Amino acid sequence: MGFIQAFKGAIGGMFADQWKDFLTIPDGLPQTAALFPAVPRGTNAGRGSNVRGSQNVISNGSRILVPQGYGLITVLDGRATGMITEAGGYEFNSDSPDSRSVFAGDDPLASTVGMSWERFKFGGRPTSQQLAFFVNLKEIPDNRFGTQSEIYWDDAYLNTQVGAVARGSYTMRIIDPLLFVHNFVPATFISEGAPVFDFSDPDNSAGNQLFQEVVGSLAAAFSRYTNDPDKGNRITRIQGDSVGFAQSLAAAVEEGYRWSTDRGLTIVKVAIASIEYDQRTRELLADVQKADALSGNRSQSFINQAVARGVQSAGETGGGAGLAMFGAGAGAAGGLVQPVQPWQNQPGQQPQQGQPQQGGQQAPQQDDPVAKLAQYKKMLEDGLITEEDYEAAKKNALGL
């Protein structure tokens, strides 16, 4: 008992001529509307034998157009008598043996609707007049959240507790219409002439409850995200990962408030508008940025710059002390600069008196300008100093 499907999808062809009046969704709905009464279109407004004119009361002969992205629920005494999630045109007939109570098609909701239907369906034989409501099955946007003070969580990358004030918005979807209506929507919204259930309505206490639960789950969501090795443990990635953080937030609200299990709701995406870290966290992040800058190839670049500045300083001050200190610093950086002796680039030439044998430890005299110039030339070829640095050092070594 229930509905007979007249056509699938949008109304068109001969049905556009035949269906002059029917019930469907209201005009001008806000994007955050989740549940609302069916409204009439046309002369008799698709109400069939219902002549009282109540907007969302249907009876035998009532025609109902279900648009794509919406589901229809019929209710009697607070219990579901019918459920349609497949877009199309339907006629209500409680007496026809060909009528059905549930139409879910191949929709992903089909299995969910089937299980919930057995749980919440009307227990007796429903009367010929019932209430019709539409439920929004689309992704519902612009559900905003924000914290008035810092929230704190343990951060794996920083290896300490961090804090921030966060603001943003999330999208959510109703994944089980029957569970949502029976377990979460107040009775006021499933009665004759009921108002629109709008998540963003400040007077909607149920919507406000969701807001509080999301804010209460943010610390756990941040902790899940930054402690997940698959996310790279970097808090700075959150603002660019709307789906990844949504998964962390959805898991947090499910663990704390059972949105999916008890209410048929889930969070789909999250947009973080701003994260304002506390002073201590900002200092930690600044240290992390410095550490990042001194890692990998950047580290070699900074060392090269430091070496070049050392040569320039030695050339400006003159004397061997500056060069000696520079050489010690370069050695401490990992032996990047190896002095090149004159005989090392001359195959077959034997060391002269005062020069070390192969493998010896004796170094040439510090004031030997030839050794200095060879060292500077090698540094120039390796890109450790510029041409200007080399010329300045050469003039200093030769006393020019």
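Residue numbering for the sequence shown follows my numbering, starting at 1 and increasing by one per position. Positions of the beta carbon are idealized from the N, C-alpha and C atoms, including for glycine. Computed from a predicted model, the values in this text were never measured in an experiment.
Own chain residues within Cβ distance below 6 Å of residue i, not counting five before or after
{"i": "R144", "result": "S169"}
{"i": "L380", "result": "Y390"}
{"i": "V165", "result": "T147, E150 and E276"}
{"i": "T386", "result": "none"}
{"i": "G105", "result": "E86"}
{"i": "Y376", "result": "Y390 and A393"}
{"i": "E388", "result": "none"}
{"i": "F222", "result": "W153"}
Cβ shell of residue i (< 8 Å), same chain only, five flanking positions each side left out
{"i": "Q338", "result": "Because Q338 carries a pLDDT of 46, less than 50, the predicted location of this residue cannot be relied on, and the following value inherits that uncertainty. So the list reads K378, once near-sequence residues are dropped."}
{"i": "L284", "result": "L158, T160 and V162"}
{"i": "G9", "result": "Q68, A87 and G88"}
{"i": "N345", "result": "Because the pLDDT at N345 is just 47, under 50, the model does not fix this residue reliably, and the value given afterwards should be weighed accordingly. The answer, listed in chain order, is A374."}
{"i": "D203", "result": "none"}
{"i": "V288", "result": "Y157 and L158"}
{"i": "S205", "result": "P186"}
8 Å Cβ cutoff met for residue i and residue j
{"i": "R263", "j": "F189", "result": "no"}
{"i": "I151", "j": "L249", "result": "no"}
{"i": "F22", "j": "I58", "result": "no"}
{"i": "L137", "j": "Y70", "result": "yes"}
{"i": "T281", "j": "V162", "result": "yes"}
{"i": "S260", "j": "I175", "result": "yes"}
{"i": "P26", "j": "V39", "result": "yes"}
{"i": "G2", "j": "S94", "result": "yes"}
{"i": "A291", "j": "N227", "result": "no"}
{"i": "T32", "j": "F199", "result": "yes"}
{"i": "N60", "j": "E192", "result": "no"}
{"i": "A132", "j": "L65", "result": "no"}
Option in the options with minimal Cα separation from residue i
{"i": "Y257", "options": "K269, T236, L284 and V215", "result": "V215"}
{"i": "F158", "options": "I175, G207 and I235", "result": "Strictly speaking, residue 158 in this sequence is Leu, with Phe absent from that position. When only C-alpha atoms are compared, the closest one is I235."}
{"i": "V75", "options": "Q130, D95 and K8", "result": "Q130"}
{"i": "G78", "options": "A273, L179, F3 and G9", "result": "L179"}
{"i": "D142", "options": "Q279, T160 and T171", "result": "T171"}
{"i": "D201", "options": "L35, M83 and D241", "result": "L35"}
{"i": "P97", "options": "S62, T386, I4 and T226", "result": "I4"}
{"i": "E254", "options": "A271, N227 and A220", "result": "A220"}
{"i": "K395", "options": "L373, T386 and D382", "result": "L373"}
{"i": "E213", "options": "L265, R41 and D241", "result": "L265"}
{"i": "W153", "options": "D278, N204, P186 and T85", "result": "D278"}
{"i": "G28", "options": "F222, A393, V196 and D203", "result": "V196"}
Residues of its chain near residue i, where Cβ-Cβ distance is below 7 Å and the 5 sequence neighbours each way are ignored
{"i": "R224", "result": "S248, A251 and A252"}
{"i": "A194", "result": "P37 and T188"}
{"i": "L398", "result": "P369"}
{"i": "F211", "result": "F145"}
{"i": "V243", "result": "K269"}
{"i": "Q209", "result": "none"}
{"i": "Q18", "result": "none"}
{"i": "S442", "result": "With the chain running from 1 to 400 in the structure shown, residue 442 is simply not present."}
{"i": "M325", "result": "Model confidence at M325 stands at a pLDDT of 42, short of 50, so the residue's coordinates are unreliable; what they give is reported in the following sentence. So no residue of the chain qualifies."}
Cβ separation of residue i and residue j, assumed to be a contact under 8 Å, to the nearest whole Å
{"i": "K269", "j": "A246", "result": "5 Å"}
{"i": "P177", "j": "M83", "result": "7 Å"}
{"i": "Q239", "j": "I267", "result": "Not quite, the Cβ-Cβ distance comes to about 16 Å (not below 8 Å), so this is no contact."}
{"i": "S274", "j": "R167", "result": "5 Å"}
C-beta neighbour in chain C for residue i, strict 8 Å
{"i": "F145", "result": "Looking for chain C here will not work: only one protein chain is present."}
Practice task
List in chain order: all unbroken alpha helix (DSSP H) runs of 4+ residues lying wholly within the segment 205-278.
Solution key: Qualifying alpha helix (DSSP H) stretches, in chain order: 205-226 and 242-257.
Practice task
Tell me the start and end of each unbroken beta strand (DSSP E) in the segment 154-196 that is at least 3 residues and wholly inside, in chain order.
Solution key: 160-174
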